[in-house]
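Going line by line, the protein sequences match chains A and B. Counting from 1, position 158 in the first sequence corresponds to residue 158 in this note's numbering; the numbering is continuous, with no gaps. To convert, take the position in the second sequence, counting from 1, and add 394; that gives this note's numbering. Presented below is the structure to which this report refers.
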Amino acid sequence: MTVLGIELGTAWLRVAALVDGQPRVVAQLPAALGFVDGARRTDAALRGCRPDQRVDAVADWLARPAADGVAGVAWPIVDGVARSPVELAAHLVRAGVVAAIAAHGPVVGAVVAVPLDLGALERRALRDAVLAAGVPMVRLVASASAAAVVIADQRPARLLIIDRGARATRATVVESIDGMIDVVGHAATPNDAHDDDPAARALAAAAIDPAGLSDVVVIGGGAADRALAARLLAPYGHAAHPVDDPATVAVRGAAWLARMFVDEPAAVTVDVITPGFSLGAGSALTPMIPAGAIAPTREVRLIARDRADRVTIDLELWEDTAPPRPYGRYRIAGLPPGGGAIAACEVTIDVDRIPRIDASDLVNGGALAVEPVVEVGLGPDALAELRAVVCEDR
Amino acid sequence: MTPRLLRVRCARWDQVDAFLHKKLRADGRLSMKVPFVAEPGAPVTLAIELPNQIVVALDGVVGTPAQRDRPDAAVVVLAGAKAAIERLSAMVADARIGGGDGDLSATLAAREAELRRLRQQAAHEVLGCSRGPSLEELRAAWRQRVRREHPDAVARFRSAALRLTAEETMIHVTRAYERLRTTVCADHRAVIAGTSVRTIGALAIESHADAGDGFDVVPLTPPVDDSVEALPTRGATLPPPVRGATLPPPTRGATTPPPARGATTPPPRAAAIDVTGLALPAPPTPLALELDLPPPPRTGATLPPPVRPAPAPTATIEQSLRQARSGPGDRFVRAIRERLADGDHAGASQIATAASQVYPKDRRLAALVEIARAQAACAAGDPDLAVRAVHAALAADADADEAHRLLASLELGVPVTVALISEAYR
C-alpha cells in the first residue's frame, strides 16, 4: 500500500511514491499518448505510432477551447476516435500509476502538483482523470507548496520558488511555519516575455523585501539550464541555493504531502483563489468569488424568478480570466409554482479550488436540484465507466 | 409512572469499554448520579449513546434509595444487562479490529459539535485570539486553527462526511480570519498579501464591496462576514473586476453545440456530460424583480415612519431579500447603523429605542441606543454626555468594536463628534 505524488507537465508526467517515509520517483514518462487499435501506447512504445495515432503535450488539451467541442473543450481525434481530454489524461496517468503499483503495491491516494494559477476547468479535468486512473483519493496542491515541503524540510522558512516550465515561468512566495505552507505572493509570465520579472512581481504582491527571504530556488525542467538558473537567482545572492534534482522536487513534495491519506499530514497547504468566479443569471455577470479569497470558501446569492410559473432558473459560472471563461451551465429545478420562491444559490470553492453549486429554496428551506447542463467534469456514473475502460490497461 | 431517562454519552469506544468494565456490574447494577430524588422502585430507562450514533436503551428500576448525604446518587438495577454487555463488548471488539471506524465516528461527532459551536461565536472567538489582535497574533491564531481544521488533517480517515465537515469548518474559520484581517489592515495600515497580511509596502487595495449591483442577484452576508463585504479587502495584484460584463451569445464557450462527431468520427468512449443531441435552452430572459415575499416575522412593535426618503425599488427589494434571510435583530441593527453613518441620530434613536423594546436582551441594540444618544449629544454640543453614552454602550455590549474604537479615539485626545461616530459606523 502506498501513496503517490503526481505531476503532469507540458513535457513530462512524473510519479513519485512514498517509500519508508521518503519520496522516491517511480515513473517519468513523456507527456504524450498514443492509441493503436484501441490499445494505449506510452513512453518507448510511442515510437510505433503514426502521427495521427498520438497526442503530444496531453496537459495542454485539458481545457483547450474549441467551438465544436464538448462543453467548449476540444476533443482531439486519435487513431480515428475523438477522445475527451479527461480520458487522455487518465490513460497517461494510469501508465504511471501502474508502474507505482508494480513497485510498491496498491495505491491509497495521490497528491497532484499543479501550477498555482491553473484554471478550474483544468483542475476539474485533472482530478477526474486521476480518479479514473484508479486512484481512490486525490488532492490538488500548488507545485510551489509541494516543493516547499522538500526545500524547507520542516524548518520555518520564507521561500521564493521560481518554477521554470516549458512554456511559462512562475514565481511564488510561500511561508512554511509549524507544519503549514501558505502562499503569500504569486506571479507568472510566458517564457518569451523577456522584459517581465515574475519574481519581482511576486515579491511585490507579497509585500516582502528580498532581504526577508530565507531561500530562493529555481525548480522545474528549465532549471537544468544552469546559465538561466544563475541569471534568475542573481538578484537574490544571499538566499539563493541549488536544489537537488530540481525537475522532480515538486512531485517528491507531492508524495510527501500524500502521507495525509495514511497518517498525520506532513504539512497542510493553503492557497488563494486566482482567478475569481462570476455568476451569470439573466443577462449579466455578477462577481461571486473574488480573486485573492482563501480556499475553501463559499458565497451565496439570492436569485428571484421573473414569472410565478417559472420552475427552473438557468445559471452560468464563469472564471474571471480576461476574457471571462465559462466553467459550466446549470439549471436550478424544482422551484415550487406560485409566487414567493427565491433560490439561494451557493457556490463553494473546495480545497482543490474546484467549484460546486448548490441551491435551496429560501422560503421553505428545502434543497433544490442543480442539474449540470453543460460541464466539463464527470458525474459519478461517467467516472465509473471511464475508470473501467482505463483500468483495463490495454 | 413514566420512566425517567438517564443518558450515558460515550464519544469513544474506550469510554464504552470503561463503562462496561468499571461502571456497569455483571448483575445489571449501576451506581450513578441521577438528576432527581430517587425513590426505590421508580422506573428508569438508561440510554447508552455509542460513538457510531447507535443508542442502546435498557429498562430498569431504582434499586437502592438515595442516601441522605448523596441525594443525587442511586443504584439502578437494569433488566437484560447481561445480553447488553455481551452485545456492547462485541461492538467494542469490532471497533478495535476495524481500527479507524471508531475513531472516525468519534472524530466526526466531535468536529460536527465543534462546527455548531463555532457558528455561535464571534470572529475572534472562532480564531481564539483577542478582539483586537496584532498582526502576529492573528497570523499565529490562524495557523493554529488551520492546522487543526483543514480537510488535509482528516484525509487519513478517507471519509467524505468528515472531509465535508472539515471543509465547512475551514470556510467558517477563513471567514473569521478574513474579517479580522480587514480590521487589522485598517488599524495597522497593513496590506493583504495572499493568505497573509503585511505591514510593509503600500499597495493599493481594491474594493469588492457592493457586489450585488445589477438585476436580481443579491449578496447574502454570512454572520461573521458582515464587515468583509463592506470594507476593502483584497490585495494589489487582483485583475479588474468583470462586474457588468455581458455574457457572450449562447453559442460561445460552455454553451457550444454538441460536437461534430459524424460519420468520420466514432462516438467517444467516455463523455464528460452527455450533451449529444441536447437542445440547449434559449438564452434566459432577464429575470425581472417581481417578488412576492413572505410577510416579515411579526415583531409586535410598529416602527416609526422612516426618516430617510423612500428608497428606489431595487433597494426595497434588496432590503426585502435581506429581511427574508436575516433575523429581525440583524434587520434593525443594519437600519440603525445606516442612520448613524448618515448622521441621522434622530432616526437611529427612534429605531433603536423601538427595537430594543421588542428585543430587550439584544446587546447590540442596547449599545446602539447609547451610541445614538451619544451622537445626539454631540449634535447638541454636550461632549460629556456623549462620552458617558459611549461608555454605556460598551457596558451594554463589550463586543461593540465601533464603541471600542470611539473610546480609543477619546483616549488619544480626539474629541467625539457626529462625524467621528458616523465614520465609525460607515
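Built from N, CA and C at the ideal position, the CB exists for glycine as well.
Nearest-angstrom Cβ-Cβ length linking residue i and residue j, presumed shorter than 8 Å
{"i": "residue 467(B)", "j": "residue 416(B)", "result": "About 16 Å separates the two Cβ atoms, so there is no contact after all."}
{"i": "residue 96(A)", "j": "residue 15(A)", "result": "4 Å"}
{"i": "residue 330(A)", "j": "residue 372(A)", "result": "6 Å"}
{"i": "residue 228(A)", "j": "residue 237(A)", "result": "So it is not a contact: roughly 16 Å between Cβ atoms."}
{"i": "residue 457(B)", "j": "residue 423(B)", "result": "6 Å"}
{"i": "residue 199(A)", "j": "residue 224(A)", "result": "Rounded, the Cβ-Cβ distance is 19 Å, inconsistent with contact."}
{"i": "residue 380(A)", "j": "residue 565(B)", "result": "Not a contact, Cβ separation roughly 24 Å."}
{"i": "residue 757(B)", "j": "residue 783(B)", "result": "Between residue 783(B) and residue 757(B) the Cβ distance is about 15 Å, and since that is not below 8 Å, they are no contact."}
{"i": "residue 352(A)", "j": "residue 94(A)", "result": "No, residue 352(A) and residue 94(A) are not in contact; Cβ-Cβ is about 20 Å, not under 8 Å."}
Candidates the options, of which the one nearest residue i by Cα
{"i": "residue 27(A)", "options": "6(A), 20(A), 34(A)", "result": "6(A)"}
{"i": "residue 165(A)", "options": "220(A), 201(A), 155(A)", "result": "220(A)"}
{"i": "residue 543(B)", "options": "568(B), 438(B), 437(B), 516(B)", "result": "568(B)"}
{"i": "residue 807(B)", "options": "795(B), 781(B), 402(B), 533(B)", "result": "781(B)"}
{"i": "residue 30(A)", "options": "43(A), 152(A), 185(A)", "result": "43(A)"}
{"i": "residue 12(A)", "options": "19(A), 32(A), 1(A)", "result": "32(A)"}
{"i": "residue 193(A)", "options": "184(A), 167(A), 355(A), 181(A)", "result": "167(A)"}
{"i": "residue 280(A)", "options": "76(A), 344(A), 328(A)", "result": "328(A)"}
{"i": "residue 762(B)", "options": "512(B), 796(B), 779(B), 464(B)", "result": "796(B)"}
{"i": "residue 536(B)", "options": "573(B), 500(B), 513(B), 756(B)", "result": "573(B)"}
{"i": "residue 36(A)", "options": "103(A), 59(A), 25(A), 77(A)", "result": "77(A)"}
{"i": "residue 769(B)", "options": "505(B), 740(B), 745(B)", "result": "740(B)"}
{"i": "residue 53(A)", "options": "75(A), 64(A), 79(A)", "result": "79(A)"}
{"i": "residue 265(A)", "options": "91(A), 139(A), 134(A)", "result": "139(A)"}
{"i": "residue 144(A)", "options": "181(A), 10(A), 9(A), 294(A)", "result": "181(A)"}
{"i": "residue 772(B)", "options": "811(B), 533(B), 539(B), 479(B)", "result": "811(B)"}
{"i": "residue 184(A)", "options": "148(A), 155(A), 283(A), 298(A)", "result": "148(A)"}
{"i": "residue 298(A)", "options": "304(A), 285(A), 273(A)", "result": "273(A)"}
Same chain, Cβ closer than 6 Å to residue i, five either side skipped, listed in chain order
{"i": "residue 41(A)", "result": "34, 49"}
{"i": "residue 382(A)", "result": "none"}
{"i": "residue 708(B)", "result": "Confidence in residue 708(B) is poor, its pLDDT being 34 and thus under 50, which makes the residue's placement unreliable; the coordinate value appears in the next sentence. None."}
{"i": "residue 735(B)", "result": "816, 819, 820"}
{"i": "residue 254(A)", "result": "5, 111, 113, 146"}
{"i": "residue 367(A)", "result": "360"}
{"i": "residue 400(B)", "result": "438, 440"}
{"i": "residue 417(A)", "result": "Not covered by the structure: residue 417(A). The range shown for chain A is 1 to 394."}
{"i": "residue 664(B)", "result": "At residue 664(B), the pLDDT of 33 sits below 50, so the modelled position is not reliable and the matter cannot be decided from this model."}
{"i": "residue 196(A)", "result": "189"}
{"i": "residue 137(A)", "result": "109, 261"}
{"i": "residue 506(B)", "result": "559"}
Neighbourhood of residue i by C-beta distance below 7 Å, restricted to the same chain and skipping five residues each side
{"i": "residue 760(B)", "result": "750, 790, 791"}
{"i": "residue 56(A)", "result": "32"}
{"i": "residue 639(B)", "result": "Model confidence at residue 639(B) stands at a pLDDT of 36, short of 50, so the residue's coordinates are unreliable and nothing is read from them."}
{"i": "residue 799(B)", "result": "818"}
{"i": "residue 562(B)", "result": "509"}
{"i": "residue 378(A)", "result": "86, 128, 386"}
Nonlocal neighbours in the same chain, by C-beta distance under 8 Å from residue i, ignoring five residues either side
{"i": "residue 141(A)", "result": "111, 112, 113, 114, 254, 257, 269, 271"}
{"i": "residue 105(A)", "result": "1, 2"}
{"i": "residue 404(B)", "result": "410, 413, 442, 443, 444, 445"}
{"i": "residue 390(A)", "result": "87, 90, 91, 94, 132, 133, 134"}
Per DSSP, the bridge partner or partners of residue i
{"i": "residue 360(A)", "result": "344(A), 367(A)"}
{"i": "residue 427(B)", "result": "467(B)"}
{"i": "residue 409(B)", "result": "Paired residue(s): none; residue 409(B) is not in a bridge."}
{"i": "residue 182(A)", "result": "175(A), 270(A)"}
{"i": "residue 111(A)", "result": "5(A), 139(A)"}
{"i": "residue 278(A)", "result": "287(A), 318(A)"}
{"i": "residue 12(A)", "result": "30(A)"}
{"i": "residue 530(B)", "result": "Its beta-bridge partners do not exist; DSSP assigns none."}
{"i": "residue 437(B)", "result": "455(B)"}
{"i": "residue 218(A)", "result": "162(A)"}
{"i": "residue 475(B)", "result": "In the DSSP output, where bridge partners are listed per residue, residue 475(B) has none listed."}
{"i": "residue 48(A)", "result": "Bridge partners of residue 48(A): none, in fact."}
{"i": "residue 237(A)", "result": "Residue 237(A) pairs with nothing; no bridge assigned."}
Handout entry: Given 8 Å, three or more beta-carbon pairs between the region 299–313 of chain A and the region 209–219 of chain A
Key = Cβ pair count under 8 Å is below three, so no.
Handout entry: Sufficient close CB pairs (3 or more, under 8 Å) joining the region 432–448 of chain B to the region 374–393 of chain A
Key = Contact fails between the region 432–448 of chain B and the region 374–393 of chain A, because fewer than three Cβ pairs, one in each stretch, are under 8 Å apart.
Problem - Three CB pairs or more closer than 8 Å across the region 316–336 of chain A and the region 281–290 of chain A - result: Flag = yes, the region 316–336 of chain A and the region 281–290 of chain A touch.
Practice task
Examine the Cβ distances between the region 122–139 of chain A and the region 80–90 of chain A and report whether three or more of them are shorter than 8 Å.
Solution key: Three or more beta-carbon pairs drawn from the region 122–139 of chain A and the region 80–90 of chain A are found closer than 8 Å, and the two stretches are therefore classed as touching.
Exercise for the section: Determine contact between the region 517–537 of chain B and the region 151–166 of chain A, defined as no fewer than three beta-carbon pairs at a distance below 8 Å. Expected result: No, the region 517–537 of chain B is not in contact with the region 151–166 of chain A.
Problem - At least three beta-carbon pairs within less than 8 Å, the region 149–161 of chain A to the region 173–183 of chain A - result: Yes, they touch.
Handout entry: Stretch-stretch touch, CB-based, cutoff 8 Å, three pairs: the region 577–587 of chain B with the region 548–561 of chain B
Key = Three or more beta-carbon pairs separated by less than 8 Å are not found between the region 577–587 of chain B and the region 548–561 of chain B, which leaves the two stretches without contact.
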